[in-house]
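Chains as they are written, first to last, in this note's numbering: chain A, 4 to 292; chain B, 2 to 311.
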């Protein structure tokens, strides 16, 4: 009798385990299904509207003549400033924190500060950019103001990623370099950075793709939605792809939703290629180590 | 001849060494200055939010701002009570957490405890892609896919409504909650699991009675961070939740969040320096303080209650 009870209990526990196994699996699959539906929805909405004209036309009040050229140009202009600037500042900060900084209150403060900055809502960076770059520095609603705002926004992500990459370099490599008579800076430039570079690049590219997809702070900084000429310098007005998509999606006419979806396909294509490069770099250099 | 060549080499070697030596003294200073930029950013955010909203609080009392139940800054008779915007933000966050917390938690348990390595290597990158999709795309998805489905089921739903936006904000934060919780569970050493298995536990018992309690602080921290992200989310709510600040607590109606208000107003033509213009900073500082407190709280619990297994 007792034997039977124990068996029954065991069965119940196993059944419970199976039920929850299915539940946990389905919550994981929920994300996959959501991604699938999102992609199908956007492809079915936008693929028919995606053609060469769409890529080479400027924005227009007519849906069938709308194009994303000015927005692509604006995004490229912005990234041509944001990418190198945030890379240099981010990697330098990471090197300082990992290689030079002593464990005192000031450096701990910088570290906490970076962690907190990563959690600040992006729109607050928009307010910062609007006040400092647009008004105080007098850059106006320009490519430069937008790029600098984006630089500050993605900086914490690059710093943390670069720190991780630098941390992963074994101490033995540094010691070997010191033993050969190299000083700290030589060791950093010749030993640490070359080994950490793939990791740093992966993190940087991922954060660049964050900048390419970010909308809200640039709206606050004043990137304009309707623009018919391409920017020709850093002080020109500009728009970027997400803002252009936002404007189209916000219009009541149904046709513009298709235009927005076509824009999203272009944007996602750009982001996925960037991510693919990042993953490629990671895999290629992971094998070596 | 040979001698001088050696000298030359030695000289140039010494020079390079000297160059590097002075660089070795110079670079830490340069790098420290560059590292200061992140501190300046924080100071900049705090200073501009305080100074710009100070002008606002000279015109509107803080009590009225924090307790008023009407937000109509652009009306002829403006009212500046932020509660409707906070209500809107809260409703979005509530819906998002109902969607994201159980699903994120469940998928973290699956990936950390149940999934075979192959399945995990397949599913993880997909969740990473989901995390990398821009919020504007999620907003479009809410507007053109989720909202029509809700309207199909409940016809009196507004075109812009809190439910649709909240669901999609939830979908957006799932990958974040899942991966942070999973990190916490992965940090639990296997010896604890083996002990439980040796006692005859099922996988579920190991997961819920051993791993989750041991990783509890990290899991809670991931929840708080996810919700803080939901509060700061902007484009989904701007696009799909509408622009009608109200206190009705009706998820099928149009609402407005703090973030959506800032975006919408900064697009308009409010005169620089006017009280209406300064509202975006007053709302901004409220948003900043709320998310900062949540982030600090998340950091505190994950440090304070972390179980150490060394």
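Positions of the beta carbon are idealized from the N, C-alpha and C atoms, including for glycine. The structure presented is a predicted model; accordingly, all values stated were derived computationally and were not measured.
Selected residue, minimal CA-CA separation from residue 268(B), among 144(A), 191(A), 153(A)
144(A)
Is it true that the CB of residue 197(B) sits closer than 8 angstroms to the CB of residue 183(B)?
no
By the 7 angstroms beta-carbon criterion, what residues does the segment 180-191 of chain B contribute toward chain A?
none
Going by DSSP, what residue range makes up the alpha helix (DSSP H) through residue 72(B)?
Here residue 72(B) belongs to no alpha helix (DSSP H), and DSSP marks it neither H nor E.
If you drop the 5 nearest sequence neighbours on each side, which residues of the same chain put their C-beta closer than 6 angstroms to that of residue 30(B)?
none
State whether the segment 158-174 of chain A contacts the segment 202-215 of chain A, with contact taken as three or more CB pairs (one from each stretch) at a distance under 8 angstroms.
yes
The segment 94-113 of chain A: which residues have C-beta closer than 7 angstroms to a C-beta of chain B, in chain order?
95, 96, 98, 99, 100, 103, 113
Quick one: residues in its chain with C-beta nearer than 6 angstroms to the C-beta of residue 302(B), no 5 flanking neighbours on either side, listed in chain order?
218, 221, 222
Excluding the 5 residues preceding and the 5 following residue 2(A) in the sequence, name in chain order all residues of the same chain whose CB lies nearer than 6 angstroms to its CB.
Outside the displayed span of chain A (4 to 292) sits residue 2(A), for which this structure offers no information.
So, using beta-carbon positions, are residue 111(B) and residue 28(A) closer together than 8 angstroms?
yes
Going straight from the alpha carbon of residue 190(B) to that of residue 116(B), what length do you get?
17 angstroms
Closer than 7 angstroms, Cβ to Cβ, to anything on chain B: give me those residues from the segment 169-191 of chain A, in chain order.
186, 187, 188, 189
Over what stretch of residues does the alpha helix (DSSP H) that includes residue 101(A) continue unbroken?
It is not in any alpha helix (DSSP H) - residue 101(A) carries neither H nor E in the DSSP assignment.
Coil, strand or helix - residue 238(A) by DSSP:
coil
Tell me which residues share the same chain as residue 291(B) and place their Cβ nearer than 7 angstroms to its Cβ, disregarding the 5 neighbours each side in the sequence.
232
Do three or more CB pairs link the segment 215-226 of chain A to the segment 241-258 of chain A at distances below 8 angstroms?
yes
Locate the alpha helix (DSSP H) running through residue 251(B), then write down its first and last residues.
From DSSP, residue 251(B) is part of no alpha helix (DSSP H); its letter is neither H nor E.
Grab me the residues of residue 251(A)'s own chain with a C-beta within less than 8 angstroms of its C-beta, minus the 5 sequence neighbours each way, in chain order.
69, 259, 260, 262, 263, 266
Using a cut-off of 7 angstroms between C-beta atoms, extract the partners of residue 205(B) located in chain A.
19, 20, 23
Just curious, the alpha helix (DSSP H) that residue 120(B) is in, first and last residue?
118-133
Along the chain, which unbroken stretches of the alpha helix (DSSP H) at least 4 residues long are found entirely within the segment 175-206 of chain B?
191-199
Range covered by the alpha helix (DSSP H) that runs through residue 247(A):
244-253
Taking 8 angstroms as the CB-CB limit, is residue 216(A) close to chain B?
yes
From residue 194(B) to residue 204(B), what distance separates their C-alpha atoms?
9 angstroms
Residue-level contact to chain A via CB, residue 294(B), 8 angstroms cutoff:
no
What did DSSP end up calling residue 140(A) once you bin it into helix, strand or coil?
coil
Starting from residue 277(B), follow the alpha helix (DSSP H) in both directions and report where the run begins and ends.
276-305
The segment 254-267 of chain B contacting the segment 230-240 of chain A, beta-carbon criterion three pairs below 8 angstroms:
no
Would you tell me roughly how many angstroms separate the C-alpha atoms of residue 257(A) and residue 67(A), rounded to the nearest one?
12 angstroms
Check the Cβ of residue 103(B) against every Cβ in chain A and list those closer than 8 angstroms, keeping chain order.
30
Distance, residue 173(A) Cα to residue 187(A) Cα:
15 angstroms
Would you mind telling me which residues of chain A sit closer than 8 angstroms to residue 146(B), beta carbon to beta carbon, in chain order?
40, 41, 44
Have a look at 262(B), 107(B), 83(B) and flag the residue whose alpha-carbon is nearest the alpha-carbon of residue 181(B).
107(B)
Taking a contact to mean a Cβ-Cβ separation below 8 angstroms, would you say residue 82(B) touches residue 279(B) in this structure?
no
Could you name the residues of chain B that residue 280(A) contacts, counting a contact when the two beta carbons are closer than 7 angstroms?
Under the 7 angstroms cutoff, chain B gives no residues; its nearest Cβ is about 13 angstroms from residue 280(A).
Could you spell out where the alpha helix (DSSP H) holding residue 127(A) opens and where it closes?
125-132
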